[in-house]
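Following: one structure in structure tokens, then a few remarks.
Protein chains in written order, with the working numbering: chain A, 1 to 355; chain B, 1001 to 1295.
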């Protein structure tokens, strides 16, 4: 397709327009994933029709990463009943996919995943077939802190189209060529957005950004945390961690995985499974040696990877998009924002001390 | 961490992890050509390509993931030097699920192999230097490939000292090979066991490996020390090397950590900004000093 990418073009849509558009995409064979509610729990789910699109939608408890990085994924199957093992690649079921209605933090989370998993052929193949429609936030939740980590409730990072709530309807603007192409089949029937509508919407977006009310991380935070590897604060904060790893499972940017065989010696599959650095088994050697022998050391690894070692290797960008899920769901009440502030407030200490 | 880019990677530090769209997780098939027991729980396997593909190309110090289908994968150092031919050898101590399953296999059985991965020992940079290889227990397996390499290129290196230590005489690996190593000109092999680990008739040294090394009083001038062993041994080894005046840049080790992918993706071997699988496993003591104490 060779649709021109016009960054300045935008439309005004109502709910019926959106549902018709989604319906058309579903009908064309694309998998359209959007927030959906079941028994009170909001998650990202594939829609079967445009009518299933929930407007307004709740903020999903889980991030959308599983649609690019599945919780469990077959790497290959093995079969050796006839003597020597034969290996078989999994059948790729990759279809064009639309991730619809992602908050800007979740869209940015995909860019963080790209930085790590982009080198993986299975991930890259799904990613290439995925178009992201970001929905700007019309309210801030208590745990939100996107503005602390360089994001915004109307951020464009990771999105191909930006949808903005506007007086009960929506303004839609393509951010990439891919986004323009996704709208191309339906946009002829949409009304152009007016400058006045954008003006009102932007005023509202500024209010939401202020409502997040979080200041950016202190200058030099990544270096500061690296120098405080041995701070006693890690022990004081980290000993509250239960090691349940819910923070990792709901995180839009956590990407660590395990590899396990499932089956018998004669027949089975090797799969890749989500894993977490906050589990004790994560680093346990077969010899019994564990380089991170206590929960405080494991909690420190998660926080430092997100806010120190990753940003130091990736132009200062934290491996965190401020969605606040980990803050909301931690059973021990750990708050990564408070942890970072607490450690940075400590004096420098030698790297060999600590948990 | 971004994927290592083969085009921009320094030639001595990284191997290209995958090729094109082929799954980097799909192993090649190798057959157990033979095996030899080193100790009651350590076995050296010789592996030959079994799926019709070409031989493995590796450099001393690199590692592979070996699969026993149904049990899983585990990381082993390539214990043989490419100068000894295309057959791959891995020396494995049975301590976990995969290593126990591997021990249950016999000649002719097929396993999976992927790799090689990681950094290699800078054997070219060592030319002209005296060398000391200090291995504790199964750690000696990681030193055997560079040792074979320098023995096979004997004229390029200075004096070679091998210190092979274990808890007991029975636990000493490569008993059958040490005589061959020591027969190479200007090469000295010292065997040692921990106090209490000696058996009647033992004619080697007795003492903790770092202490025995210190007793050898090898002058640091012009010498590279290559060492591998359990964390507690390395801790005391570095203290001894410091006392003896060795520069951290002249001491090389190879790191062990839990690794699942070998590609810098799974996050398991990450320590600070360092990934053992792609930035290591071979590192200098100097580099190790810059890492957080999280290994």
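Ideal placement from N, C-alpha and C gives every residue a C-beta, glycine not left out.
Model, not experiment: these values are computed from the prediction.
Where does residue i land, buried or exposed, given buried means 16+ other C-beta within 10 angstroms?
i                       : result
residue 36 of chain A   : buried
residue 189 of chain A  : exposed
residue 1235 of chain B : exposed
residue 159 of chain A  : buried
residue 322 of chain A  : buried
residue 218 of chain A  : exposed
residue 264 of chain A  : exposed
residue 2 of chain A    : Because residue 2 of chain A carries a pLDDT of 39, less than 50, the predicted location of this residue cannot be relied on, and the following value inherits that uncertainty. Its Cβ having fewer than 16 others within 10 Å, residue 2 of chain A is exposed.
residue 1256 of chain B : buried
residue 1037 of chain B : exposed
residue 231 of chain A  : buried
residue 1185 of chain B : exposed
residue 17 of chain A   : buried
residue 1001 of chain B : Its pLDDT being 39, under 50, residue 1001 of chain B is placed unreliably by the model, and the measurement read from it follows with that caveat. By the neighbour-count rule (16 or more Cβ atoms within 10 Å), residue 1001 of chain B is buried.
residue 347 of chain A  : exposed
residue 81 of chain A   : exposed
residue 1294 of chain B : buried
residue 295 of chain A  : buried
Return yes when the Cβ of residue j is within less than 8 Å of the Cβ of residue i, no when it is not.
i                       : j                       : result
residue 164 of chain A  : residue 98 of chain A   : no
residue 161 of chain A  : residue 173 of chain A  : yes
residue 120 of chain A  : residue 1265 of chain B : yes
residue 145 of chain A  : residue 214 of chain A  : yes
residue 105 of chain A  : residue 58 of chain A   : no
residue 1068 of chain B : residue 1047 of chain B : no
residue 1164 of chain B : residue 1151 of chain B : no
residue 1145 of chain B : residue 1054 of chain B : no
residue 12 of chain A   : residue 184 of chain A  : no
residue 1089 of chain B : residue 1083 of chain B : no
residue 255 of chain A  : residue 44 of chain A   : no
residue 309 of chain A  : residue 276 of chain A  : no
residue 269 of chain A  : residue 130 of chain A  : no
residue 1183 of chain B : residue 1254 of chain B : no
residue 157 of chain A  : residue 212 of chain A  : no
residue 1121 of chain B : residue 1251 of chain B : no
residue 359 of chain A  : residue 261 of chain A  : This structure gives no information on residue 359 of chain A, because the portion of chain A shown stretches from 1 to 355.
residue 1188 of chain B : residue 1129 of chain B : no
residue 1372 of chain B : residue 85 of chain A   : Since the first residue of chain B shown is 1001 and the last is 1295, residue 1372 of chain B is not available in this structure.
Hey, quick one: how far does the beta strand (DSSP E) through residue i stretch, first residue to last?
i                       : result
residue 263 of chain A  : 257-263
residue 271 of chain A  : 267-274
residue 1296 of chain B : Residue 1296 of chain B falls outside the range modelled here, since chain B spans only 1001 to 1295, and no answer is possible.
residue 1165 of chain B : 1160-1166
residue 1065 of chain B : 1063-1068
residue 1289 of chain B : It is not in any beta strand (DSSP E) - residue 1289 of chain B instead sits in the alpha helix (DSSP H) that spans 1285-1289.
residue 1091 of chain B : 1088-1093
residue 1037 of chain B : 1028-1039
residue 1253 of chain B : 1251-1254
residue 1225 of chain B : 1223-1228
residue 1049 of chain B : 1042-1049
Output the distance between the C-alpha atoms of residue i and residue j, rounded to the nearest integer angstrom.
i                       : j                       : result
residue 1040 of chain B : residue 1193 of chain B : 16 Å
residue 207 of chain A  : residue 250 of chain A  : 27 Å
residue 1283 of chain B : residue 1028 of chain B : 28 Å
residue 1207 of chain B : residue 1169 of chain B : 12 Å
residue 1135 of chain B : residue 1228 of chain B : 5 Å
residue 1191 of chain B : residue 1043 of chain B : 19 Å
residue 1275 of chain B : residue 1291 of chain B : 11 Å
residue 1285 of chain B : residue 107 of chain A  : 41 Å
residue 340 of chain A  : residue 50 of chain A   : 42 Å
residue 125 of chain A  : residue 1219 of chain B : 56 Å
residue 1204 of chain B : residue 288 of chain A  : 29 Å
residue 316 of chain A  : residue 26 of chain A   : 39 Å
residue 21 of chain A   : residue 178 of chain A  : 16 Å
residue 1159 of chain B : residue 1244 of chain B : 18 Å
residue 9 of chain A    : residue 133 of chain A  : 16 Å
Please report the Cβ distance between residue i and residue j, rounded to the nearest whole angstrom; I am assuming they are in contact, meaning their Cβ atoms lie under 8 Å.
i                       : j                       : result
residue 1277 of chain B : residue 1118 of chain B : 6 Å
residue 1064 of chain B : residue 1114 of chain B : 7 Å
residue 344 of chain A  : residue 221 of chain A  : 6 Å
residue 312 of chain A  : residue 226 of chain A  : 7 Å
residue 1131 of chain B : residue 1226 of chain B : 7 Å
residue 1268 of chain B : residue 229 of chain A  : About 19 Å; that fails the 8 Å criterion.
residue 1138 of chain B : residue 1167 of chain B : About 11 Å; that fails the 8 Å criterion.
residue 1233 of chain B : residue 1248 of chain B : In fact, because the Cβ distance is near 17 Å, the residues do not count as touching under 8 Å.
residue 135 of chain A  : residue 101 of chain A  : 5 Å
Is the closest heavy atom of the ligand SAH to the C-beta of residue i under 7 Å?
i                       : result
residue 1184 of chain B : Of ligands this structure carries none, so the ligand SAH is not represented either.
Specify, as a first and last residue, the run of the alpha helix (DSSP H) that residue i falls within.
i                      : result
residue 295 of chain A : 295-304
residue 52 of chain A  : Unbroken run through residue 52 of chain A: none, as it is neither H nor E.
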